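Encoded as structure tokens, the structure appears first; notes follow it.
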Amino acid sequence: MIDVAFALLAIITVISAILALEAKEVVYGAIALSLSFVGIAGFFALLDAVFLAMFQLTVYVGAIAVLILFTVMLVRREQWLKAKEGVHSVLGVLVAIIVALGLGYLVYASTITHVTPSVEQAPFTLIGSQILSEYWFAFITLALVLASAVIGAVVLAKLERD
Amino acid sequence: MEPLVNYLFVSAALFAIGVYGLVTKKNALRMLFAVEILINAANLNFVAFTRYLHPTTVTGQSLAMFSIALAAAEAAVGLAIILAVFRLRKDVDVSEIKGLRG
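Those protein sequence lines, which keep their order, are chains A and B.
Take 11 as the starting number for the first sequence in our numbering and just add one per residue.
Take 698 as the starting number for the second sequence in our numbering and just add one per residue.
Printed below as a string of structure tokens:
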């Protein structure tokens, strides 16, 4: 019933997501986080979204994970260990269990359980034409958001030498 | 292929992990990790729903691409803020950063 690739990917993704939050060293956490991103890319590939899988690999694993690693190494001192971890851990686990059970129940009680996969699939070239025709405004807005975010990040991180 | 529910269960598990991280962690970087995990769970849902419910369209993939790009912008600004706060306060514990508290 359950595909081996799917089961492996699910285990890798969930466990490395937990490790990202729970690893003692933040550097190991960042590496586990990038492994979790790779797992999500694998899910995209399983869902026949190969282009999106490549996009996820380049943007998340290639850019965001490396950016996070850079920041961790720039900031790394005793401060990482000094920051108190798991202050409300009982409350956190409780909230997480409630969220997981609630979402799981919603999915389980819906009619979605009867959906069967179809063999037909859309070519990924549709993504480009859809972004440029139907979602052109969101595309342009996103470009502006990215530009302003980059400028803001540079201004924020700039060293002021007086 | 897998039934759709399995993808939704994995996504729900990731979402719960992200919520747990946001609630418990005091370290600013860990909170950023948790937000990234949440965004990934949402993206997985987008793609899975499109693949199963509207297999001839790519709307979910387009939205997931937008979401990934937004997450990149968010990570850049968030990390820059963390760096700036660290340089100012020598600390990344969000409960210690009280300068903006009213």
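By construction, the Cβ of each residue, glycine as well, lies at the ideal position given by its N, Cα and C atoms.
The structure presented is a predicted model; accordingly, all values stated were derived computationally and were not measured.
- Arg748 of chain B and Asp13 of chain A do not touch by the CB rule: their CB atoms are close to 14 Å apart, not below 8 Å.
- 7 Å or more divides the Cβ of Phe47 of chain A from the Cβ of Leu741 of chain B.
- For Ile50 of chain A, the residues of chain B that pass the 9 Å Cβ criterion are Leu711, Asn737, Ala738, Asn740, Leu741, in the order they occur in the chain.
- Excluding the 5 residues flanking it on each side, Ser764 of chain B has same chain C-beta neighbours closer than 6 Å at Asn740, in chain order.
- Lys722 of chain B sits buried, since 16 or more C-beta atoms from the chains shown fall within 10 Å of its C-beta.
- A contact between stretches requires three or more CB pairs, one per stretch, nearer than 8 Å, and the region 714–729 of chain B meets this requirement with the region 97–116 of chain A.
- DSSP places Ser139 of chain A in the uninterrupted alpha helix (DSSP H) bounded by 135–143.
- One Cα belongs to Ala157 of chain A, the other to Phe147 of chain A, and the distance between them is close to 15 Å.
- Using a Cβ-Cβ cut-off of 8 Å, Phe16 of chain A is close to Glu699, Asn703 of chain B, given in chain order.
- Here Leu785 of chain B is actually not in contact with Ala745 of chain B; their C-beta atoms are around 42 Å apart, not less than 8 Å.
- Within chain B, no residue has its beta carbon less than 8 Å from that of Phe147 of chain A; the closest one is some 11 Å off.
- In this structure, the beta-carbon distance from Leu705 of chain B to Val76 of chain A does not fall below 7 Å.
- Less than 7 Å divides the Cβ of Ile734 of chain B from the Cβ of Leu711 of chain B.
- Contact check for Ala773 of chain B and Val160 of chain A: beta-carbon distance about 6 Å, within the 8 Å limit, so the pair qualifies.
- Shown here for Leu111 of chain A: not one same chain residue has a beta carbon closer than 7 Å to its own, the five before and five after excluded.
- Ala75 of chain A: member of the alpha helix (DSSP H) spanning 75–85, first to last residue.
- One Cα belongs to Met83 of chain A, the other to Val60 of chain A, and the distance between them is close to 32 Å.
- Contacts between Ile122 of chain A and chain B, judged by CB atoms closer than 8 Å, involve Leu701, Val702, Leu705 in chain order.
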